[in-house]
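Visitor: Pasting in a structure now, in structure tokens, and then I'll have a few things to ask.
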Amino acid sequence: MKGICLVCLLLVAAVACARKPQVSLPVYGEIPDFELTAETGKPFRGAELRGKIWIADFIFTNCPGPCPRMSSQMRLIQESLADVAELRLVSFTVDPERDSPEVLAAYARRYQAQPGRWIFLTGPMETLHRLSRDAFKVGDVDGSLNHSTHFVLVDQRGRIRAYYGTAEGLDLRKIRADVEALRKEPA
């Protein structure tokens, strides 16, 4: 060990021990590319979300049940993570027959959705059903208007990384911690 400083070795060892291992979020699946219509009336492709961290939910605008609570919670996420520029919020309708882009735009205004940051999507029921059931794994979009009340965290590569129940309230600290963990991962 000639020529190596013992103090330097001890310092390197201390730094290595002090580092906490990064806890990686699991991967539950991947969201395929899709094309729907945004509340602006313009086509929206899922590929536009690549490189972004996003949180998705499934709602409908004339819902008398959990949707107003979920949208209020989504607004809280929008406000509490306003400093995370790459975060997007995406609400998919489960009632595309009634939730036209114009109806979704009015709903977005009611919940003070920031244009371009919180996106509301509608389109063919088959596409919404395939996304909800096969990609997000949160149930069917089949005209019954029964839907999941979970939020889904998606990483920059389009992979599902976490689910959050909304019925018991929302743990904004957990969501922030998970988003921050994704920000530290290589894109």
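Residue numbering for the sequence shown follows our numbering, starting at -10 and increasing by one per position. For glycine and all other residues, C-beta sits at the position ideal for the given N, C-alpha and C. Remember, it's a predicted structure, so these values are computed and weren't measured experimentally.
#1: Apply the 10 Å Cβ neighbour rule to A151 and answer buried if 16 or more other Cβ atoms are within range, or exposed otherwise.
#2: So what does S80 bridge to, in DSSP terms?
#3: Let's test the definition: count the other Cβ atoms within 10 Å of the Cβ of D123 and tell me whether it reaches 16, buried, or not, exposed.
#4: Per the contact definition of three or more C-beta pairs closer than 8 Å, is the region 66 to 79 in contact with the region 11 to 25?
#5: Would you grab the beta carbon distance between V130 and L117 for me? Rounded to a whole angstrom, and I think it's under 8 Å.
#6: So I66 is in the alpha helix (DSSP H); what residue range does that whole segment cover?
#7: Shortest alpha-carbon distance to C45 belongs to which of R106, V143 and R58?
#8: Where does the unbroken beta strand (DSSP E) through P90 begin, and where does it stop?
#9: Taking only three categories from DSSP, how would you classify G174?
#10: Along the chain, where does the beta strand (DSSP E) that runs through R119 open and close?
#11: DSSP puts P32 in a beta bridge; with which residues?
#12: Mapping DSSP to helix, strand and coil, what is R146?
#13: If you drop the 5 nearest sequence neighbours on each side, which residues of the same chain put their C-beta closer than 8 Å to that of R106?
#14: Which residues in the same chain as S121 place their Cβ atom closer than 8 Å to its Cβ, once the five residues preceding and following it in sequence are excluded?
#15: By the 10 Å Cβ neighbour count, where 16 or more other Cβ atoms means buried, how is P53 classified, buried or exposed?
#16: Compute the Euclidean distance between the alpha carbons of R263 and A170, then round it to the nearest angstrom.
#17: When you compare only the Cα positions, how much space is there between R162 and E37?
#18: Secondary structure at I164, three-state DSSP: helix, strand or coil?
#19: What is the DSSP secondary structure of A124, counted as helix, strand or coil?
#20: To the nearest angstrom, how far is the alpha carbon of R39 from that of P21?
Guide: Per the coordinate set shown:
#1: The residue is buried, with at least 16 neighbouring Cβ atoms inside 10 Å.
#2: Answer by DSSP bridge pairing, in chain order: D46 and F109.
#3: It is exposed - the Cβ of D123 has fewer than 16 other Cβ atoms within 10 Å.
#4: Result no; under three Cβ-Cβ pairs closer than 8 Å.
#5: Rounded to whole angstroms, the Cβ separation of V130 and L117 is 4 Å, and the two are in contact under 8 Å.
#6: Per DSSP, I66 belongs to the alpha helix (DSSP H) from C56 to S69.
#7: The sequence as given places Ala at residue 45; Cys does not occur at that position. Out of R106, V143 and R58, V143 has the C-alpha closest to the C-alpha of A45.
#8: Counting along the chain, P90 falls outside any beta strand (DSSP E), though it belongs to the alpha helix (DSSP H) covering P90 to R99.
#9: The sequence given here places Glu at residue 174; Gly does not occur at that position. Looking at E174 - three-state DSSP - the assignment turns out to be coil, as it is neither helix nor strand.
#10: Run containing R119: none in the beta strand (DSSP E); it sits in the alpha helix (DSSP H), M114 to R119.
#11: DSSP links P32 through a beta bridge to T26.
#12: R146: coil per DSSP, three-state reduction.
#13: Excluding the 5 residues flanking it on each side, R106 has same chain C-beta neighbours closer than 8 Å at Q67, L76, R77 and L78, in chain order.
#14: Closer than 8 Å at Cβ, skipping near neighbours: F47, F81, V83, V127, G128, D129, V130, H136 and S137.
#15: P53 is exposed by the Cβ-count criterion.
#16: Absent from the structure is residue 263, since the part of the chain shown begins at -10 and ends at 176.
#17: One C-alpha to the other measures close to 27 Å.
#18: I164 sits in a helix when the DSSP states are folded into three classes.
#19: Residue state for A124 is assigned as helix, using DSSP reduced to three classes.
#20: Distance between the alpha carbons of R39 and P21: 11 Å.
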